[in-house]
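Shown next, in structure tokens, is the structure this report addresses.
In the working numbering, the protein residues as written are 518 to 1476.
So this is what it looks like as structure tokens:
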């Protein structure tokens, strides 16, 4: 698993004006802040604020001056300044009561108080993020108050216990404590920590999908839980399931399955109630520590209590509050009234700018004086939290209250532009929204964090659920879910366009973070009050994300539903064609190549023709041809490829043209037309190179460099270029590895590197590549390659002398046949027959080679016909039929020469020469074998050339 890092791209060093303070260096021209040489993530506004403060170090910078620096020419509420200043302080780690870098000057502005040195330094390259987007890491923590003991205890518990649940009421800080403990425990986890935010899903049926997505498991697992267990089994990882209460049955089932598995990984869950599994270790999280009732304390004593300290910190952050002795009793009473719940305390502290502490006491006495009867699922403390949220909500202006409800439609983090779009239908202006976001964040009803150059906002689970209730009660917000779905559609349609030019890693990070809202929008669109056509368009817009991230199981189920619906309602044929094409590809990686795959491709062809879209016609024709090649229907595949290449002749700019050419060459190679195939494959190999950039164009260039090397190596090997074939295959494997193209790497291993290694007799390479495929399948689970890996692993064991391995070869072949992955199955069966012969199991060898020849003839795979005849001749020799065997070898020799398969020709000639030498026809054997052997210019360490050389030397010695 790749670690989450940011690095500096190596390149030409440049001199830059730099401001240094503490361990930080600020490079204004680059908009870059470095901490010990590594880039620090921060929003664009926060950077402008930092630059303004640092350049005037030691001086008071007024609020107006800072607002002008960050938002030139724009009037905004000063709550936006507070939000961004908080983001800046968090980036600097400056969140303690006594600041190290930025001091607040009450009601006036801010001052940078650390010593700053200006210099001209050499800075290398530009910052390049190498953060993988596919593994969900724990969120960055705000400063934690008063939980040191709980965090340490929880981390220690995880050392000895595989499943720990941290339970407590809403708002008590479970996520904060669990995340902090996970970071402490992370050093004990070889494979890191995965954070699964279950608050982003509302449907328990999505539990498995959320888990698979968070872990970054790619591929097409039939069962999400099984895929997760398989993934974790060989790993030492901590999985954090946050907010389990609303998907409790699914979380409980997973935890039970987790504990019965042999994995050395750990599970940490947070929930308002226990999961209830037998092996669960339950830890209850209580409220923050508070002074006893009636204690008369000074500020230096009161601040030692975590509840009071939290209140004072939050009040100081948002309202420039100064803690004084006269307020100690009132703040202690506030914290007691709020049951020591951190979220409730933060909500109350956010009102200090409006009320004094004593006024807050009166407000809360009035608000919390009435307690509704406690229900089964509402503890008194949770009721306190909800009452506090309700009180905070009632203090909002009408526009802020409406915006707060509207924001509940977002399942995960969102940007200001998203909120502006959704709020427009409810009568809120962009200024209302931007101002309201700052105000809600200042009141602790909304979280804000920097991502890239912008701020992203997020409602906590408790506040989102309350806001959703407010949304339902506001008639002006009836269109909110529809607007949300429209906004998600716009975002993902934009993602399709950006896919063509944005750097792949950046693109994935940008849009994978939107998948929770895509799922929510799809659920609404296909629900009772939804919009089916909008749902179909959303599904189409999500195709690129599912494809890029290989979330194939989810893609398949959503595409099947959307396509079925699209067929039954009025819908654009091009949308149908796109759905059908994507469904065809998602089914292509399923364990079994079913007739559903064929139907999807035929639908795609028909719909694209009806839409008159040549681009999708070609895509559909090529996709269907690849499917036909996989199931061993070579002549039929060639028919569709002829049509696809004819379209390419009309327009060479079609995006699927190179894939059409490659599939055409592959099909002709299977049909035994090696020379015709080689011309096209050589042309494609010369066309694409290993581009060094990170753009989409460069990524596509690398992809095509890799894919042509799926097919060319085996053709080159058959034509007598074993070393060249091995190099081509290894180039593809390594290029895929460097780019993280795990599906492509599995293809390169299964189609090229492993077959070439096996047929060349290179057992070291065979062992190396089988292990790589095995590891690869753990991170990119493509079901059919599992059987392929088992086949090659069993072949390796057989060649190393394991007599039991032959049964595993047979089982793997039967699994491939059951999956209808029939391409090359005749060759696999011939390998099985040879293994049986080495053990003297002649009857089984006869059955295996007979099946091989039937498959070869039925499938039109002429490429291996001569080799199968050679193996059948070996069976005939063992059956005591030397004349028939020799006749079969002569036929095989003629066939190998006819298609230009020099390696097979050499094998057959070696077998014939050995037979002729044994029967006194040594000169004839030498005349056959020597000129053929001398045609080879490389590959002299392969098993075929070694055998031929050994036979020739022996024949000459006896001459």
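Cβ coordinates follow ideal geometry from the N, Cα and C atoms, glycine included.
Note that this is a predicted model, so its numbers are computed, not measured.
Measure the alpha-carbon distance for residue i versus residue j and round it to whole angstroms.
i: residue 552; j: residue 802; result: 34 angstroms
i: residue 947; j: residue 1265; result: 51 angstroms
i: residue 892; j: residue 1089; result: With a pLDDT of only 40 at residue 892, under the threshold of 50, the placement of this residue in the model should not be trusted; the figure read from the coordinates follows. So the alpha carbons of these two residues sit roughly 50 angstroms apart.
i: residue 1255; j: residue 1218; result: 14 angstroms
i: residue 601; j: residue 976; result: 17 angstroms
i: residue 1270; j: residue 1276; result: 10 angstroms
i: residue 951; j: residue 914; result: 14 angstroms
i: residue 649; j: residue 1026; result: Unreliable positioning characterises residue 649 in this predicted model, as indicated by a pLDDT of 38, which lies under 50. The coordinate reading is nonetheless provided below. So the alpha carbons of these two residues sit roughly 7 angstroms apart.
i: residue 904; j: residue 814; result: 28 angstroms
i: residue 938; j: residue 1001; result: 8 angstroms
i: residue 683; j: residue 695; result: 7 angstroms
i: residue 878; j: residue 825; result: 14 angstroms
i: residue 838; j: residue 864; result: 15 angstroms
i: residue 714; j: residue 1078; result: 26 angstroms
i: residue 1466; j: residue 1442; result: 13 angstroms
i: residue 549; j: residue 609; result: 13 angstroms
i: residue 875; j: residue 836; result: 16 angstroms
i: residue 716; j: residue 925; result: 12 angstroms
i: residue 540; j: residue 575; result: 18 angstroms
i: residue 1244; j: residue 1286; result: 13 angstroms
Thinking just about the alpha-carbon of each residue, which of the options is nearest to the one in residue i?
i: residue 1192; options: 1435, 1416, 712, 989; result: 1416
i: residue 1070; options: 1096, 1041, 1100; result: 1100
i: residue 847; options: 1111, 829, 1221; result: 829
i: residue 1281; options: 1313, 1251, 1356, 1194; result: 1313
i: residue 953; options: 1397, 943, 920, 834; result: 920
i: residue 1295; options: 565, 603, 705, 744; result: 744
i: residue 1104; options: 1094, 787, 1052, 1117; result: 1117
i: residue 870; options: 960, 1084, 756, 1214; result: 960
i: residue 1141; options: 868, 617, 568, 1094; result: 1094
i: residue 1325; options: 586, 1013, 1058, 1353; result: 1353
Tell me the DSSP secondary structure of residue i in three-state form.
i: residue 788; result: strand
i: residue 1467; result: helix
i: residue 1327; result: helix
i: residue 1238; result: coil
i: residue 628; result: strand
i: residue 1404; result: helix
i: residue 714; result: strand
i: residue 681; result: strand
i: residue 1298; result: strand
i: residue 992; result: helix
i: residue 637; result: strand
i: residue 533; result: strand
i: residue 987; result: helix
i: residue 689; result: coil
i: residue 1195; result: helix
i: residue 798; result: strand
i: residue 1503; result: There is simply no residue 1503 to check, as the chain begins at 518 and stops at 1476 in what is shown.
Buried or exposed, going by whether 16 or more other CB atoms sit within 10 Å of the CB of residue i?
i: residue 1024; result: buried
i: residue 691; result: buried
i: residue 1149; result: buried
i: residue 722; result: exposed
i: residue 1004; result: buried
i: residue 1262; result: buried
i: residue 1319; result: exposed
i: residue 888; result: Residue placement at residue 888 cannot be trusted, given a pLDDT of 38 that sits under 50; what the coordinates show is reported in the next sentence. It is exposed - the Cβ of residue 888 has fewer than 16 other Cβ atoms within 10 Å.
i: residue 1479; result: This structure leaves residue 1479 out entirely; the chain is present only between 518 and 1476.
i: residue 1068; result: buried
i: residue 521; result: Bear in mind that a pLDDT of 31 at residue 521, under 50, signals an unreliable position, so the model cannot answer this.
i: residue 711; result: buried
Assess contact between the segment 1319-1339 and the segment 1291-1306, defined as three or more Cβ pairs (one per stretch) separated by less than 8 angstroms. Is contact present? yes
Is the segment 851-862 touching the segment 802-815, taking contact as three or more C-beta pairs under 8 angstroms? yes
Does the pairing of the segment 1361-1372 with the segment 1402-1412 give three or more beta-carbon distances under 8 angstroms? no
Under 8 angstroms: do the segment 1388-1405 and the segment 1222-1229 share three or more Cβ pairs, one atom per stretch? no
Inter-stretch contact (C-beta, 8 angstroms, three-pair minimum) for the segment 1183-1200 and the segment 1226-1237: yes
Using a Cβ distance threshold of 8 angstroms, determine whether the segment 1148-1165 contacts the segment 1376-1384, with at least three qualifying pairs required. yes
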